[in-house]
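Counting in this note's numbering, the final residue of the sequence shown is number 289, and the numbers go up one at a time with none missing. Even glycine gets a Cβ: it sits at the ideal position worked out from N, Cα and C. Working notes, structure below.
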Amino acid sequence: MTTQGERTQTPGEARDDRAEQRTGGGADARGAKGRGRRLTARRAAGWIVVVGVVAAGGWIITRPMPGDYIPGLGPSSKDNAGTPPVVGAAPPPTDPGALNVDTLFPAQRAVEVGAYKGRRNGVRQGENCAEVLQDRAQDPLKDGGCQAYLTVSFTGVDRPVLSNVTLLRFADQATAARAADALRARPGAVAFILADTNFAPAQAAGSAKPGGEPRIEAVGHYVTVTSSRPGDARPASAAATTPAVGGTPAAPPPQTTGTGGGTEQELDEATRALSYAAGTPFVWM
5 MTTQGERTQT
15 PGEARDDRAE
25 QRTGGGADAR
35 GAKGRGRRLT
45 ARRAAGWIVV
55 VGVVAAGGWI
65 ITRPMPGDYI
75 PGLGPSSKDN
85 AGTPPVVGAA
95 PPPTDPGALN
105 VDTLFPAQRA
115 VEVGAYKGRR
125 NGVRQGENCA
135 EVLQDRAQDP
145 LKDGGCQAYL
155 TVSFTGVDRP
165 VLSNVTLLRF
175 ADQATAARAA
185 DALRARPGAV
195 AFILADTNFA
205 PAQAAGSAKP
215 GGEPRIEAVG
225 HYVTVTSSRP
235 GDARPASAAA
245 TTPAVGGTPA
255 APPPQTTGTG
265 GGTEQELDEA
275 TRALSYAAGT
285 PFVWM
C-alpha cells in the first residue's frame, strides 16, 4: 500500500537501496566510482600523448636530411656540415674589442646593403697582421701597432662576384688613421682570399684601371680593407670610390633598377656595400 504521491519501488530498486545501506554508500559511493573511472581515462590519455611525443621526437632526429631539427628552432645537420672554413685562432671571448667573425658576420645570415646581397665563405684570423699581406717583405703595417686581423670572403648571392673584407684592430684612432694612410699608399698590399681560404693570384702591376684600388677606411680604432673580383677570381678593378669622411663608413650604395649593369658596376656595388657593413659596428668605438 502506498500513499498518494509516492512511487512504488521495484524489487531491483529495493535491493540496491539495501546494498547501499550495508556498504555505507548511496549517492556518495556512486560519485566516487564515477570519479575513479574519469581519473583512469585521463591517465590513459596522458600516456598516449607521452608515447606520441617520444615517437615523434625519434622520427625528427633520425629522419634523413631533416632541415631544421625542430622547424624554426635551430640549424639543420646539412647547414652545420656546410659551415665555412676558418683558418687561425679565434680571439678570447673576454676581449671586448675582439674581431669575432660569428658576431660581425654570422655564417647563416646574408649581408644585405642596397642592391648587394652576399654570403660569408672562408675566414682567416689571428694576431699577426703580417699574415694578411700579399708580400710580407714589403710591410706597410710594420711597427704600426696592429693588434689583430680578420679577413672574410664573400660570394654574391645573385651575381658572380667574390669579395673580401679585412679588418685590422689598433690601440687608438690615431694609430688606425696612420695605418689606413700607409695601406692607401700600397693598395695591393692586402691579399685576396678565396672561398676556401686560399690566397688568390696577385693583381699584376699596371693591370688595374684608374680607381680600381681596394676601399680602405679608418673607422674608430679599426681599419677596413674591402675589394671585389669577378666570380672566377680574376684580378679586376672596381669603379672609383670616395673615402669616408670624419671617421664614419661611407654611405650604403644606392639602389639600382633593372637587371642591367656591367661587371664593373657589380664589383663597385659589392665593395661599397661590404665596406659599409664592415665599418658600421665600429663607428662609435
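Taking 6 Å as the limit between beta carbons, can you name the residues of its chain near residue i, skipping five residues before and five after?
i, result
"Gln151", "Arg173"
"Ala206", "Gln138"
"Val127", "Val90, Val105, Val156"
"Thr179", "Gly149"
"Asp200", "Gly126"
"Gly101", "none"
"Ala131", "Correcting the residue type first, residue 131 is Glu in the shown sequence and not Ala. For Glu131, where only same-chain residues beyond five positions count, the Cβ hits under 6 Å are Ala152."
"Ala49", "none"
"Arg46", "none"
"Val169", "Val156, Thr230, Leu278, Ala282"
"Arg140", "Ala134"
With H, G and I counted as helix, E and B as strand and the rest as coil, what does DSSP make of residue i?
i, result
"Pro285", "helix"
"Gly235", "coil"
"Ala152", "strand"
"Arg46", "helix"
"Leu145", "coil"
"Arg219", "strand"
"Arg173", "strand"
"Thr267", "helix"
"Thr228", "strand"
"Thr87", "coil"
"Pro68", "Any answer about Pro68 is weak, because its pLDDT of 39 lies below 50 and its placement is not dependable; what the coordinates show is given next. Of the three classes helix, strand and coil, the one that applies to Pro68 here is coil, per DSSP."
"Ile74", "In this prediction, Ile74 has a pLDDT of 41, which is less than 50 and means its spatial position is unreliable; what the coordinates show is noted afterwards. Three-state DSSP puts Ile74 in coil, outside helix and strand."
Select from the options the residue whose C-alpha is nearest the C-alpha of residue i.
i, options, result
"Pro144", "Ala184, Gly92, Arg123", "Ala184"
"Gln177", "Ser157, Leu154, Gly148, Asp272", "Gly148"
"Ile197", "Val136, Ala49, Thr275, Glu131", "Val136"
"Asn202", "Glu131, Pro96, Gly92", "Gly92"
"Lys146", "Glu116, Val169, Leu187", "Leu187"
Given residue i, which residues of its chain have a CB within under 7 Å of its CB, disregarding the five upstream and five downstream residues?
i, result
"Pro218", "Pro191, Val194, Val229, Thr230, Ser231"
"Gly235", "Pro164, Val165, Leu166"
"Pro285", "Leu108"
"Arg123", "Ala114, Phe158, Thr159, Val161"
"Glu116", "none"
May I ask whether a heavy atom of the ligand ATP can be found less than 7 Å away from the beta carbon of residue i?
i, result
"Pro205", "Looking for the ligand ATP in the displayed structure turns up nothing, as the structure carries no ligands at all."
Mind reading off the beta-carbon distance from residue i to residue j? Whole number of angstroms is fine, and I expect it under 8 Å.
i, j, result
"Val287", "Gly224", "7 Å"
"Ala222", "Ala282", "Incorrect: roughly 12 Å between the Cβ atoms, too far for contact."
"Tyr120", "Cys133", "Contact doesn't hold; Cβ gap of about 27 Å is too wide."
"Ala94", "Gln142", "Wrong, their Cβ atoms sit about 29 Å apart, outside the cutoff."
"Tyr226", "Leu171", "6 Å"
Leaving out the 5 sequence neighbours to the left and right, which residues in its chain are closer than 8 Å to residue i when beta-carbon positions are compared?
i, result
"Thr87", "Ala111"
"Thr275", "Ser167, Pro218, Arg219, Thr230, Ser231, Ser232, Ala242, Thr245"
"Ala175", "Gly149, Gln151, His225"
Answer yes or no: does any C-beta atom of chain D fall closer than 8 Å to that of residue i?
i, result
"Lys121", "The structure shown has no chain D; it contains just one protein chain."
### Task
Go through the segment 98-139 residue by residue and report every complete run of the alpha helix (DSSP H) that reaches 4 residues or more, in order.
105-108
### Task
Entirely within the segment 177-210 and at least 3 residues each: give me those beta strand (DSSP E) ranges in chain order.
none
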